[in-house]
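Residue numbers (my numbering): 2 to 138.
Accompanying notes for the structure given below.
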């Protein structure tokens, strides 16, 4: 029997574009992914001054890390999205770009504006927690 993460919504809280919680079934392995950054294969930040473009590249890099861990985007249980900006409009732009990439898998997420991120010219970073079915050996 395949185990899946349950996304939990609320009828008693505000209607939002994401689940309020997620539940990981017993017996699944939890994956903690390093922050996905908008860096290319040469380790350089791409898409300078492009919030949406960097957000989409972060998702692509996240998908690759998930794939190499035996997971996919639908195995993500939680994200934290960091945006190097004090402008709420930039945060919304990033949120919309990432939401589009996640599609119907609208996991609980935290969106935070920060002053600076680790790489020069980096505007976006996505931290994620995922869960995959444990394979007994």
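Cβ coordinates follow ideal geometry from the N, Cα and C atoms, glycine included.
Only a predicted model underlies this, so the values are computations on that prediction, with no experimental measurement involved.
Quiz item: Quick one: what does DSSP say residue 34 is sitting in, helix, strand or coil?
Solution: By one-based count along the chain shown, residue 34 stands at place 33. Residue 34: strand per DSSP, three-state reduction.
Self-check item: residue 94, buried or exposed, once every other Cβ within 10 Å from all chains shown has been counted against 16
Solution: Position 93 of the chain shown, counted from the start, is the residue given in the question as residue 94. Classification for residue 94: buried.
Quiz item: Is residue 46 helix, strand or coil by DSSP?
Solution: The count along the chain shown starts at 1 and reaches residue 46 at position 45. Strand.
Self-check item: Simplified DSSP state of residue 67, which is helix, strand or coil
Solution: Reading the chain shown from its first residue, position 66 is the one you call residue 67. Residue 67 falls in the helix class under three-state DSSP.
Practice problem: Kindly indicate which three-state DSSP category residue 17 falls into: helix, strand or coil? | Solution: Counting from 1 along the chain shown, the entry for residue 17 is found at position 16. Coil, per DSSP.
Practice problem: Could you have a look at residue 84 and say whether DSSP puts it in helix, strand or coil? | Solution: Residue numbering aside, residue 84 sits at position 83 when the chain shown is read from its first letter. Residue state, collapsed to three classes: strand.
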